[in-house]
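Going down the list, the protein sequences come from chains A and B.
Basically our numbering = 1-based index in the first sequence + 19.
Basically our numbering = 1-based index in the second sequence + 179.
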Amino acid sequence: QKEVEQNSGPLSVPEGAIASLNCTYSDRVSQSFFWYRQYSGKSPELIMSIYSNGDKEDGRFTAQLNKASQYVSLLIRDSQPSDSATYLCAVKPQGGSEKLVFGKGTKLTVNP
Amino acid sequence: ETGVTQSPTHLIKTRGQQVTLRCSSQSGHNTVSWYQQALGQGPQFIFQYYREEENGRGNFPPRFSGLQFPNYSSELNVNALELDDSALYLCASSSGLAMETQYFGPGTRLLVL
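As structure tokens, then:
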């Protein structure tokens, strides 16, 4: 069964620190990986997509992908209270429909 | 703002009733996917429509059905509502099967009593 797993948290970091969010997936042939941010009561908002092994940086966000270990992570540098949200990892399995398989999300709290 | 709109924003129904949720995709997008997000869970894929045809379905019973119109807007219909259908229903649009980035609308929160 194709699964995506995340630590549910909550993860609490002080303002200005680095927040590290982790995700593992079971479908070895997955090719596309996404991080979404979801504020309470709102819909998911795309932060990053990553397709190749290594790091991808966008502002304060860095996504890291290791396909051999079936592991994807999101680092948030200089964390701000406005980063407090649930972060969803999503994986697009190879083949079949173009669905996304989501983890349950990690709730992040950044303390001022 | 993603340009994806959904209606209504909130809905209260009773068990056994039927509901129709609507989604307008972002301009230029011809693919719409529907997800159900229960409280404290990640979104679960219901089905996807591409150019008015169903293109894949998740593990949901047949009482969940959908439709896509020539302008690529879409409907999700749920018959014989059950208490467990209470959830946030999300519509996501993308610009074709090869384009994997999906952009979500604001969602419809359904409460079944």
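Beta carbons: idealized from backbone N, C-alpha and C, even for Gly.
Within the same chain, Cβ atoms closer than 6 Å to the Cβ of Leu267/B are found at Gln216, Gly286, Arg288, the five residues on either side in sequence being excluded. The secondary-structure analysis by DSSP pairs Lys111/A across a beta bridge with Ser51/A. At the C-beta level, Gly237/B and Ser206/B stay beyond 8 Å of one another.
Chain-ordered, the chain B residues with CB closer than 8 Å to the CB of Ser62/A read Leu267, Leu269, Phe283, Gly284, Pro285, Gly286.
Nearest CB-CB separation between Ser244/B and chain A: not below the 8 Å threshold. Nearest Cα to Arg56/A within the set Val48/A, Asp46/A, Ser49/A, Met67/A: Met67/A. Look at Asp102/A here: in three-state DSSP terms it is helix. Here the alpha carbons of Tyr44/A and Ser92/A stand approximately 11 Å from one another.
A direct Cα-to-Cα measurement between Leu269/B and Gly195/B gives close to 22 Å. Within the region 209-261 of chain B, the complete beta strand (DSSP E) segments of 3 residues or longer fall at 210-216, 223-229, 232-236, 243-247, 253-257, listed in chain order.
Going by C-alpha positions, Asp263/B is about 38 Å away from Pro131/A. For the region 27-38 of chain A, the set of positions with a beta-carbon nearer than 8 Å to some beta-carbon of chain B is empty. When rounded, the separation of the alpha-carbon atoms in Gln223/B and Phe121/A is 7 Å. Identification of residues in the region 195-214 of chain B having a C-beta nearer than 9 Å to some C-beta of chain A yields Thr210, Ser212, Tyr214, given in sequence order.
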